[in-house]
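Peer 1: Numbering (this note's numbering), first residue to last: 1321 to 1388.
The C-beta atom is built at its ideal place from N, Cα and C for all residues, glycine as well.
Could you have a look at this structure, given as structure tokens, before my questions?
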């Protein structure tokens, strides 16, 4: 993997991690409201799970393979 690709992956990783944290805050805020929209919260949670998978994939790509 080239240095440019690694830089691009790192940038995406940081953006995904920030969005994941932001969704956490949004879900918590919405859930605390009286009569909150469960469908909206469910969609936010699905997006959060997708982000978690993408973060794991990018971290795996950036971690060098170590041969024991």
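Among the residues of its own chain, which have a CB less than 7 Å from the CB of residue 1329, if the five just before and after it don't count?
Peer 2: Excluding residues within five positions, the ones whose Cβ falls inside 7 Å are 1378, 1381, 1382.
Peer 1: Using 8 Å as the cut-off, can you tell me whether the segment 1349 to 1359 makes contact with the segment 1321 to 1328, which would need three or more C-beta pairs spanning the two stretches below that distance?
Peer 2: No, they do not touch.
Peer 1: For residue 1369, count the other beta carbons within 10 Å of its own beta carbon; 16 or more makes it buried, fewer makes it exposed. Which is it?
Peer 2: Result: exposed.
Peer 1: Assuming residue 1333 contacts residue 1375 (C-beta within less than 8 Å), just tell me the rounded distance between them.
Peer 2: About 6 Å; that satisfies the 8 Å criterion.
Peer 1: Classify residue 1345 as helix, strand or coil using the three-state DSSP reduction.
Peer 2: Correct three-state label for residue 1345: helix.
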